[in-house]
Amino acid sequence: MTEYLNVGKIVNTQGIKGEVRVISTTDFPEERYKKGSILTLFQEGKAPVELTVKNHRKHKNFDLLSFENHPSINDVEKYRDGILRVSKEDLVELTENEYYYHEIIGLKVIDENEKELGKIKEILSPGANDVWVIQRPKKKDALIPYIDSVVQEVDVENGLVRVTLLEGLIDDED
Numbered sequence: 001m002t003e004y005l006n007v008g009k010i011v012n013t014q015g016i017k018g019e020v021r022v023i024s025t026t027d028f029p030e031e032r033y034k035k036g037s038i039l040t041l042f043q044e045g046k047a048p049v050e051l052t053v054k055n056h057r058k059h060k061n062f063d064l065l066s067f068e069n070h071p072s073i074n075d076v077e078k079y080r081d082g083i084l085r086v087s088k089e090d091l092v093e094l095t096e097n098e099y100y101y102h103e104i105i106g107l108k109v110i111d112e113n114e115k116e117l118g119k120i121k122e123i124l125s126p127g128a129n130d131v132w133v134i135q136r137p138k139k140k141d142a143l144i145p146y147i148d149s150v151v152q153e154v155d156v157e158n159g160l161v162r163v164t165l166l167e168g169l170i171d172d173e174d
């Protein structure tokens, strides 16, 4: 059985020419949405549908996609709320110190004193660098920038991230 990874969710249609608005969860929109890419649409209670990307463009916070043989809004309206996925075999080889979101989310985070801070629950991409959201037991979530001075080691095999906390990075009163 093929394993799939989410790349985005169709949240609406755009115009009348068969475009859909996608909220992306992929690190590689230019790769995933390039013309000719095959995405598999999953919807509850329906068989998966393979879609071939015809066109991709950015608009505000969305990726706008159109698919081969889907020229009208009537062809894509039924896909609303569907999840677009890519087969795990289609993953791009990453260079050293690059990771897929699915490899990072869920990892345990420990500081330089071997104290467990929590688990990574989300990755934000606000600009220059990603920010990892760490869910802490009985405390507010902590935000850790993915930069060399903070993230010392990512050990996907053992489910662990070692960080050095810069002063003021985490407020322990929370």
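Letter 155 of the sequence shown, counting from 1, is numbered 155 in UniProt numbering, and no numbers are missing.
Think of the CB as a built atom: it goes at the ideal place given N, C-alpha and C, for glycine as much as any other residue.
How about L107 and G159: are their beta carbons less than 9 Å apart? yes
Closest to G45 by CA distance: which of D81, P71, G18, L51 is it? Ranked by Cα distance from G45, the first of D81, P71, G18, L51 is D81.
Spatial distance of L143 from N61 (CA atoms): 22 Å
What are the boundary residues of the alpha helix (DSSP H) that R57 is part of? Counting along the chain, R57 falls outside any alpha helix (DSSP H), though it belongs to the beta strand (DSSP E) covering 49 to 59.
Between K9, S24, T52, which lies nearest to K35 when the distance is taken from Cα to Cα? T52
State the DSSP-derived secondary structure class of V150, mapped to helix, strand or coil. coil
If you run the structure through DSSP and keep just helix, strand and coil, what is P137? coil
Which of helix, strand or coil does DSSP assign to I83? strand
Could you check if D174 is buried or exposed, using at least 16 other CB atoms within 10 Å of its CB as the buried criterion? Because D174 carries a pLDDT of 44, less than 50, the predicted location of this residue cannot be relied on, and no value is offered for it.
Count the other C-beta atoms from every protein chain shown that fall within 10 angstroms of the C-beta of R21, then say buried if there are 16 or more, exposed otherwise. buried
With 16 other Cβ atoms within 10 Å as the buried cut-off, status of E153: exposed
Looking at the unbroken beta strand (DSSP E) that takes in V76, where does it start and where does it end? Premise fails: V76 lies in the alpha helix (DSSP H), 73 to 76, not in any beta strand (DSSP E).
Could you check how far apart the C-beta atoms of H166 and V150 are, in whole angstroms? I think they sit under 8 Å. As written in the sequence, residue 166 is Leu, which differs from the His given in the question. Right, their Cβ atoms sit about 6 Å apart.
Is the beta carbon of R162 closer than 9 Å to that of I120? no
Buried or exposed: T26, going by 16 or more other Cβ atoms within 10 Å of its Cβ? Classification for T26: buried.
Nearest to K58 (by Cα), restricted to the options T164, I105, A128, Y33: Looking at the Cα atoms, Y33 is the closest of the given residues.
What are the boundary residues of the beta strand (DSSP E) that E122 is part of? 116 to 124
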